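2 protein chains.
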Amino acid sequence: MRIAELSRRSGVPVPTIKYYLREGLLPPGELTSPNQARYEERHLRRLRLIRALIELAQLPVASVKVVLEGFDSDDLPLHERIGTVHRAITPHRQVTGDDEMRAVAAAQVRELVERRGWAVQPDAPAITTLIETITALRALGQDRLTGHLDAYAEAVERFTDLELAAVTSYAEPDQIAESVVIGTILGETLIAALRLLAQESLSARLLGPASASDG
Amino acid sequence: MRIAELSRRSGVPVPTIKYYLREGLLPPGELTSPNQARYEERHLRRLRLIRALIELAQLPVASVKVVLEGFDSDDLPLHERIGTVHRAITPHRQVTGDDEMRAVAAAQVRELVERRGWAVQPDAPAITTLIETITALRALGQDRLTGHLDAYAEAVERFTDLELAAVTSYAEPDQIAESVVIGTILGETLIAALRLLAQESLSARLLGPASASDG
Chain A
1 MRIAELSRRS
11 GVPVPTIKYY
21 LREGLLPPGE
31 LTSPNQARYE
41 ERHLRRLRLI
51 RALIELAQLP
61 VASVKVVLEG
71 FDSDDLPLHE
81 RIGTVHRAIT
91 PHRQVTGDDE
101 MRAVAAAQVR
111 ELVERRGWAV
121 QPDAPAITTL
131 IETITALRAL
141 GQDRLTGHLD
151 AYAEAVERFT
161 DLELAAVTSY
171 AEPDQIAESV
181 VIGTILGETL
191 IAALRLLAQE
201 SLSARLLGPA
211 SASDG
Chain B
1 MRIAELSRRS
11 GVPVPTIKYY
21 LREGLLPPGE
31 LTSPNQARYE
41 ERHLRRLRLI
51 RALIELAQLP
61 VASVKVVLEG
71 FDSDDLPLHE
81 RIGTVHRAIT
91 PHRQVTGDDE
101 MRAVAAAQVR
111 ELVERRGWAV
121 QPDAPAITTL
131 IETITALRAL
141 GQDRLTGHLD
151 AYAEAVERFT
161 DLELAAVTSY
171 AEPDQIAESV
181 VIGTILGETL
191 IAALRLLAQE
201 SLSARLLGPA
211 SASDG
């Protein structure tokens with residue numbers, strides 16, 4: 001198909017598609033004349049993925065690029081491809097000024113990982129995020145949430161069990177990689193949206209006007 | 001305290017603090033001379049919150065501004081303040097080109113909300129996110145995940161139950177608002193980090209090198 005049809009079928013404007021081509025997010029089409037290219041179904045599919053990562057998962061273009069590189073690197077073992085994606089989507093900067101508070105949170109995370117029996121690298125980006133988030137919650141006087149880490153971890157394991165069942169239904173490494181990457185990133189968007197709805201419902205019941213269908 | 005001490009105690013560089021002041025994220029200090037201001041503990045606390053929202057929750061500055069406005073609007077009922085925050089952190093653009101697929105997903109979400117008995121507005125931003133995410137997953141051939149919405153919703157309700165217990169331990173509306181806002185946003189960061197760790201562990205066991213402590 002030509003770029004106009006690619007745009008029509010994906011709902012993405014032509015200038016945006018050209019931007020993704022320039023940035024290397026979308027692989028080039030096959031040139032049929034010096035200034036015309038032909039695109040395939042795989043381009044449409046990739047375009048949908050790019051849109052989902054930018055618009056729904058709200059990833060910056062630079063992170064989308066890293067995710068797609070991890071996605072495409074067939075020569076890397078699957079476990080490492082997944083690791084690349086994790087690093088691209090996880091904030092892992094130290095943001096806490098207080099080293100002592102960070103040390104306390106780090107010990108708490110270490111113990112949690114041990115209790116859960118999680119096989120994770122001690123320098124996994126999500127470890128840093130977890131330590132910093134616990135420290136921030138505590139610095140902001142919200143200790144109560146950080147007292148329930150095990151209950152949170154247990155609920156989270158239910159997600160990964162569901163996802164494991166979905167992923168292992170695929171046979172090819174490429175299908176598995178695709179499913180893991182999409183499931184990881186869009187799964188987070190899905191969980192966050194469900195959580196906001198459950199919260200809104202609770203807030204409406206406890207704090208809202210008498211009838212929740214008002215307004 | 002002076003701005004230098006505020007910077008030292010928060011770990012935030014002075015130019016960044018001045019940027020937050022200019023953007024109206026941080027309220028001005030009390031002027032003690034034409035070009036010197038005094039800051040209080042509440043400034044330090046607000047600065048920590050801003051950093052957590054930007055660095056950990058990865059919110060853009062514009063969204064942080066809306067969140068803080070919701071946070072500060074004591075004159076609005078609590079339920080509406082929470083709604084403001086939800087809108088600020090939820091992507092709710094339609095990104096799907098396919099109206100038919102969107103209609104199917106919308107019906108699925110409507111039925112889910114009914115089954116869960118959630119009291120939510122039909123135009124809640126998270127409803128749009130959910131519909132678009134389900135449509136995107138399906139368009140990308142990842143139907144298996146969207147087949148487990150109820151299991152996801154059930155796990156998510158465990159989070160909100162935990163958070164409800166934390167929130168209702170406060171007496172003052174302002175404390176409740178603060179706890180809800182921080183818990184909503186940083187709670188999501190916490191859940192996302194835990195989920196990545198659980199995933200990494202699963203990936204290491206199933207796909208990684210013989211010993212997960214390698215590398």
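Heads up: the sequence lines are chains A and B, in that order. Going by full-length UniProt numbering, the first residue of the first sequence is number 1, and it counts up by one from there. Going by full-length UniProt numbering, the first residue of the second sequence is number 1, and it counts up by one from there. Beta carbons are placed, not taken as given, at the ideal position from N, Cα and C, and that holds for glycine. If you're wondering where the values come from, they're calculated on a predicted model, not measured in any experiment.
Is there at least one Cβ from chain B nearer than 7 Å to Q36(A)'s Cβ? no
Whole angstroms are fine: how far does the CA of P125(B) sit from the CA of L53(B)? 19 Å
I believe A88(A) touches L56(B) by the beta-carbon criterion, under 8 Å. Please report the beta-carbon distance rounded to the nearest angstrom. That belief does not hold up - the Cβ atoms of A88(A) and L56(B) are roughly 16 Å apart, past 8 Å.
Would you give the residue range spanned by the alpha helix (DSSP H) that R45(A) belongs to? 41-51
Roughly how many angstroms lie between the CA atoms of S33(B) and R205(A), to the nearest whole one? 50 Å
Can you give the Cα-Cα distance for R81(B) and E69(B), rounded to whole angstroms? 9 Å
Proximal residues of chain C, C-beta to C-beta of G29(A) below 8 Å: No chain C appears in this structure, whose protein chains are A and B.
Between which two residues does the alpha helix (DSSP H) harbouring L207(A) extend? 173-207
Does V120(A) have its Cβ less than 7 Å from a Cβ in chain B? yes
DSSP three-state assignment for A62(A), whether helix, strand or coil: helix
Can you pull the chain B neighbours of P91(A), defined as C-beta to C-beta under 7 Å? E55, L56, Q58
Quick test of your reading: I131(B) and A153(B), contact by CB under 8 Å. State the CB separation rounded to the nearest angstrom. Not a contact, Cβ separation roughly 15 Å.
Does chain B have any CB closer than 7 Å to the CB of V67(A)? no
For chain B, find out if any of its Cβ atoms is closer than 7 Å to the Cβ of E132(A); answer yes or no. yes
Residue span of the beta strand (DSSP E) that contains Q36(B), given as start and end: 36-38
Could you work out which residue in S63(A), Y39(A), E40(A) is closest to G50(A) when comparing CA atoms only? Here residue 50(A) is Ile; the residue named in the question, Gly, does not match the sequence. It is S63(A).
Does DSSP put S33(B) in a helix, a strand or coil? strand
Express the C-alpha separation of V14(A) and S201(A) in angstroms, rounding to a whole number. 40 Å
Close Cβ partners of E163(B) (< 6 Å) along its chain, the five nearest in sequence each way excluded: G183
Which word fits V109(B), buried or exposed, when buried means at least 16 other C-beta atoms lie within 10 angstroms of its C-beta? buried
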